[in-house]
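Visitor: First, the structure itself, so that you have it in front of you.
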Amino acid sequence: MSSAKNPTSSKYAWSLIARTAPPKRAAAERVGDFHEIYSEFDEATVREQASRCIQCPNALCAQACPLSNRIPEWLALAAQGQFLEAAALSRSTSNMPEICSRVCPQERLCEGACILNCKSDPVAIGSVERFINEYAFAHGGVDATPAAPNGLRAAIIGSGPAGMACADELAQLGYAVTVFESLLLPGGLLVNGIPAFKLEKSIVARRIDLLAKRGVEFKLGVAIGRDVSLAELRRTHDAVFLGHGAQKSKTAGVPGENFCGVAQALPFLIEKNVDSPLVDLPPIDVAGKRVAVLGGGDTAMDCLRTALRAGAQSAVCLYRRDFANMPGSRKEYYNALEEGAEFQFLTNPVAILGDDHGTVTGVRCVRMELGAPDASGRSKPRAVPDSEFDAPVDLVLVAYGFDPVAFPEDSEFSAIKVNEWGGIIVDRNQMTSLPGVFAGGDSVRGPSLVVHAVRDARRAAAGIHRQLAPKLAAVAV
Ligand SMILES: Cc1cc2nc3c(=O)[nH]c(=O)nc-3n(C[C@H](O)[C@H](O)[C@H](O)COP(=O)(O)OP(=O)(O)OC[C@H]3O[C@@H](n4cnc5c(N)ncnc54)[C@H](O)[C@@H]3O)c2cc1C
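Just so you know, the sequence shown maps onto residues 42 to 518 in my numbering.
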């Protein structure tokens with residue numbers, strides 16, 4: 042064998058070992074339940090797959106990761122079977138790697154940047170990350186010991202990934218952290234949004250338990266601005282972090298959206314995916330129905346797949362741009378296709394049709410074509426003349442995305458500056474215009490990704506700690 046292609050050298054393992062994915066349940070089986078569709082690699086496979094990494098000196102995967110995860114380093118440890126060490130390194134830059142590994146659109150982040158894309162398939166980074174972190178949980182490798190108290194208190198508003206990550210960082214620095222969550226079920230969109238077939242609810246509950254063991258207190262069913270004022274939180278805490286997300290659903294904005302049989306995506310996903318007495322939403326019956334989902338993002342993909350699991354006769358996505366310009370994850374698109382979802386690209390819904398009783402009967406659409414790119418670089422769709430047609434459907438799910446919920450007026454919140462669409466304006470430490478009040482996640486960015494919420498939260502926690510350094514020094518004296 043030529044020394045240039047020695048299979049024991051990790052530099053060439055990629056050319057000898059094909060990329061594989063962890064076992065995935067057959068579509069016919071998985072549409073019958075709401076459980077996760079992937080399982081874990083076995084130890085031999087994860088070592089092999091991790092060994093495909095060529096250990097680039099300027100790792101593009103790490104640069105493409107919003108958390109700058111030390112990917113090649115933990116891949117090297119995983120390749121050697123040092124799973125606990127690999128997991129510890131992955132936890133050093135991420136507060137929820139077992140969650141990010143399940144829901145990150147890796148094909149657009151780390152795996153999309155992997156240098157192997159030039160010659161072969163990228164390293165299965167997400168699946169290795171999931172394996173090492175599940176291994177650590179299963180083998181007692183995740184420490185939950187509370188840090189020594191530093192004497193200061195932090196309030197976190199919202200228990201989504203931004204709130205969880207900020208709480209975790211601050212608790213590990215010794216702050217007494219209280220998370221205020223308006224709902225009774227903590228986890229934000231990780232629980233009340235992302236379906237269980239992508240992220241099992243028990244995985245989020247395990248992470249929340251871990252935070253509680255680290256000393257984080259959760260006050261559930263408490264809405265800041267309604268039950269407790271921001272002014273009071275600021276009086277009683279040394280720092281405040283706003284991680285209250287952006288969950289105001291965008292409307293369809295077309296005639297007929299008030300017909301019976303039109304529902305918003307988020308309540309539909311929660312009602313079908315969250316099996317808890319703490320959630321009390323009116324049931325939306327899809328069994329035997331023809332369902333149309335409006336939109337092309339992750340939420341739309343999740344609605345299609347949820348509708349099929351809930352017994353829909355058919356589920357079709359109506360999206361005005363083409364596949365290349367669709368914002369939803371490619372992995373989840375293919376999973377949806379396998380499960381029987383249909384996609385009509387370049388199709389713009391212009392009206393929802395109903396009968397004399399005001400019940401949905403269809404969606405009027407026009408065919409679209411893509412014109413020149415707009416300011417954001419995306420091609421602007423325009424209607425094809427005389428292309429109108431009616432798609433017969435029984436239920437319409439609107440998945441056009443979300444806006445931040447406006448702050449209550451006449452409160453201290455009004456001192457916080459927001460941009461033209463309501464996103465909170467922050468400085469590079471994630472501090473808002475109100476001193477001592479920090480923010481991150483969807484409340485700042487608008488609908489984004491879990492990994493971005495975690496990054497903002499880590500930056501905010503570091504900013505809070507820096508800002509409170511003089512106070513900490515005074516407390517220590
Ligand atoms: C259906 C769906 C699917 C998605 N799929 C993916 C995916 O596959 N991968 C991915 O990376 N991202 C996905 N996302 C996006 C991701 O979930 C969000 O970007 C992320 O959850 C934002 O985190 P956050 O903590 O900023 O906000 P959220 O997760 O929205 O959490 C905010 C929390 O604050 C609480 N809250 C709000 N107001 C108050 C108040 N006044 N007082 C107290 N509590 C309050 C809310 O109840 C909520 O629990 C998806 C989103 C949706 C809707």
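Beta carbons are placed, not taken as given, at the ideal position from N, Cα and C, and that holds for glycine.
#1: At a cut of 8 Å, does the stretch 259-276 reach the stretch 225-232 through at least three beta carbon pairs?
#2: Any heavy atom of ligand 1 closer than 7 Å to the CB of residue 467?
#3: Pairing CB atoms from the stretch 80-92 with CB atoms from the stretch 54-67, are three or more of them under 8 Å?
#4: Taking the straight line between their C-alpha atoms, what separation do you get for residue 64 and residue 350?
#5: Where does the unbroken alpha helix (DSSP H) through residue 344 begin, and where does it stop?
#6: Check each candidate in 72, 214, 66 and 60 and name the one with the smallest Cα separation from residue 354.
#7: Can you name, in chain order, every residue of its own chain whose Cβ lies under 6 Å from the Cβ of residue 470, other than the five neighbours on each side?
#8: Write down every uninterrupted run of the alpha helix (DSSP H) in the stretch 204-248 whose length is 4 residues or greater and which is fully enclosed by it, in chain order.
#9: May I ask whether a heavy atom of ligand 1 can be found less than 7 Å away from the beta carbon of residue 65?
#10: Whole angstroms are fine: how far does the CA of residue 253 sit from the CA of residue 479?
#11: What is the C-beta distance between residue 432 and residue 335, in whole angstroms, given that I count them as a contact (C-beta under 8 Å)?
#12: Whose C-beta lies closer than 6 Å to the C-beta of residue 93 among residues of the same chain, with five residues either side of it excluded?
#13: Is any heavy atom of ligand 1 found at a distance shorter than 7 Å from the C-beta of residue 166?
#14: Taking its Cβ as the centre, do 16 or more other Cβ atoms sit within 10 Å of residue 116, making it buried, or is it exposed?
#15: Taking residue 361 and residue 422 to be in contact with their CB atoms under 8 Å, please state how far apart those CB atoms are, rounded to whole angstroms.
#16: Looking at residue 106 and ligand 1, is the gap between the Cβ and the nearest heavy atom below 7 Å?
#17: Taking 8 Å as the cut-off, decide whether the C-beta atoms of residue 331 and residue 434 are in contact.
#18: How many whole angstroms separate the CB atoms of residue 358 and residue 337, which I take to be in contact at a CB cut-off of 8 Å?
#19: Does residue 47 come out as helix, strand or coil in the three-state DSSP assignment?
#20: Quick one: what does DSSP say residue 484 is sitting in, helix, strand or coil?
#21: What are the partner residues of residue 420, as DSSP defines its beta bridges?
#22: Work out the CA separation of residue 388 and residue 319 for me, nearest whole Å.
#23: Determine, using beta carbons only, whether residue 201 and residue 310 come nearer to each other than 8 Å.
#24: So is the beta-carbon of residue 131 under 7 Å away from any non-hydrogen atom of ligand 1?
#25: Taking Cβ to Cβ, would you say residue 279 is nearer than 8 Å to residue 512?
#26: Is it the case that the CB of residue 262 approaches a heavy atom of ligand 1 more closely than 7 Å?
#27: To the nearest angstrom, how far is it from the Cα of residue 502 to the Cα of residue 213?
#28: Would residue 46 be called buried (16 or more neighbouring beta carbons within 10 Å of its own) or exposed?
#29: Quick check: what's the CA-CA separation for residue 327 versus residue 497?
#30: For residue 316, collect the residues of the same chain with a Cβ closer than 7 Å to its Cβ; drop the 5 residues on either side in sequence, then sort them by chain order.
#31: Starting from the C-beta of residue 144, find all residues in its chain whose C-beta is less than 7 Å away, skip the five residues before and the five after it, and write them out in chain order.
#32: Check whether the Cβ atoms of residue 140 and residue 248 lie closer than 8 Å to each other.
Guide: Taking the definition as stated:
#1: Contact between the stretch 259-276 and the stretch 225-232 is present: 3 or more CB-CB pairs across the two stretches fall below 8 Å.
#2: The residue you call residue 467 lines up with position 426 of the sequence shown. No, the beta carbon of residue 467 sits no closer than 7 Å to any heavy atom of ligand 1.
#3: Touching, yes, given that three or more Cβ pairs across the two stretches are closer than 8 Å.
#4: In the sequence shown, counting from the first residue as 1, residue 64 sits at position 23. In the sequence shown, counting from the first residue as 1, residue 350 sits at position 309. Just so you know, the alpha carbons of residue 64 and residue 350 end up roughly 20 Å apart.
#5: Here residue 344 is taken as the residue at index 303 of the sequence shown, counted from 1. Residue range 339-350 is occupied by the alpha helix (DSSP H) that includes residue 344.
#6: Walking along the sequence shown from the start, residue 354 turns up at place 313. Check the Cα spacing between residue 354 and each of 72, 214, 66 and 60: the tightest is with 72.
#7: As a working note, residue 470 is residue 429 in the sequence shown. Shown here for residue 470: same chain residues with a beta carbon closer than 6 Å to its own, the five before and five after excluded, namely 504 in chain order.
#8: Qualifying alpha helix (DSSP H) stretches: none in this window.
#9: On the sequence shown, residue 65 is found 24 positions in, with the first residue counted as 1. Outside the cutoff, so no.
#10: Counted from its first residue, the sequence shown places residue 479 at position 438. Counted from its first residue, the sequence shown places residue 253 at position 212. Taking the straight line from one Cα to the other gives about 22 Å.
#11: Within the sequence shown, numbered from 1, the residue matching residue 432 stands at position 391. Within the sequence shown, numbered from 1, the residue matching residue 335 stands at position 294. So it is not a contact: roughly 11 Å between Cβ atoms.
#12: Here the question's residue 93 lines up with position 52 in the sequence shown. Result list for residue 93: 54, 55, 58 and 164, in chain order.
#13: Within the sequence shown, residue 166 is the residue found at index 125, counting from 1. No - ligand 1 has no heavy atom lying nearer than 7 Å to the Cβ of residue 166.
#14: To locate residue 116, count along the sequence shown from 1; it is residue 75. Burial call: buried.
#15: Against the sequence shown, residue 361 aligns to sequence position 320. Against the sequence shown, residue 422 aligns to sequence position 381. Confirmed, Cβ separation roughly 5 Å.
#16: Here the question's residue 106 lines up with position 65 in the sequence shown. Not one heavy atom of ligand 1 is found less than 7 Å from the C-beta of residue 106.
#17: Here residue 331 is taken as the residue at index 290 of the sequence shown, counted from 1. Here residue 434 is taken as the residue at index 393 of the sequence shown, counted from 1. In contact: residue 331 and residue 434 (Cβ atoms closer than 8 Å).
#18: Looking up residue 358 in the sequence shown gives position 317. Looking up residue 337 in the sequence shown gives position 296. Yes, they are in contact, since the Cβ atoms of residue 358 and residue 337 sit about 7 Å apart, within 8 Å.
#19: As a first step, residue 47 must be located in the sequence shown, where it is residue number 6. Low confidence applies here, because residue 47 scores a pLDDT of 44, under 50, leaving its location unreliable; read the following figure in that light. The three-state reading of DSSP puts residue 47 in coil, since its state is none of H, G, I, E or B.
#20: Here residue 484 refers to the residue found at position 443 when the sequence shown is read from its first residue. DSSP, reduced to helix, strand and coil, places residue 484 within a helical segment of the structure shown.
#21: Here residue 420 refers to the residue found at position 379 of the sequence shown. Secondary-structure assignment with DSSP links residue 420 through a beta bridge to 414.
#22: Sequence index remark: in the sequence shown, residue 319 carries index 278 (1-based). Sequence index remark: in the sequence shown, residue 388 carries index 347 (1-based). In this structure, the CA atom of residue 319 is about 38 Å from the CA atom of residue 388.
#23: Residue mapping note: residue 201 aligns to position 160 of the sequence shown, counting from 1. Residue mapping note: residue 310 aligns to position 269 of the sequence shown, counting from 1. Judged by their CB atoms, residue 201 and residue 310 are not nearer to each other than the 8 Å cut-off.
#24: If you number the sequence shown from 1, residue 131 lands on position 90. The beta carbon of residue 131 sits no closer than 7 Å to any heavy atom of ligand 1.
#25: Along the sequence shown, read from residue 1 onward, the residue named residue 279 stands at position 238. Along the sequence shown, read from residue 1 onward, the residue named residue 512 stands at position 471. Inclusion of residue 279 and residue 512 in the CB contact set at 8 Å is warranted, their separation being smaller than that value.
#26: Taking the first residue of the sequence shown as 1, we reach residue 262 at position 221. For residue 262, the CB stays at least 7 Å from every heavy atom of ligand 1.
#27: Looking up residue 502 in the sequence shown gives position 461. Looking up residue 213 in the sequence shown gives position 172. Answer to the nearest angstrom: the Cα atoms are 10 Å apart.
#28: For the purposes of this step, residue 46 is identified with residue 5 of the sequence shown, where counting begins at 1. The predicted position of residue 46 is uncertain, since its pLDDT is 46 and thus under 50; a value taken from the coordinates is nonetheless stated next. Exposed.
#29: Sequence index remark: in the sequence shown, residue 327 carries index 286 (1-based). Sequence index remark: in the sequence shown, residue 497 carries index 456 (1-based). So the alpha carbons of these two residues sit roughly 38 Å apart.
#30: Locating residue 316 in the sequence shown gives position 275, where the first residue counts as 1. Nothing meets the Cβ criterion.
#31: Position 103 of the sequence shown holds residue 144. For residue 144, where only same-chain residues beyond five positions count, the Cβ hits under 7 Å are 235, 239, 240 and 491.
#32: Counting from one through the sequence shown, the residue named residue 140 turns up at place 99. Counting from one through the sequence shown, the residue named residue 248 turns up at place 207. Going by C-beta atoms, residue 140 is nearer than 8 Å to residue 248.
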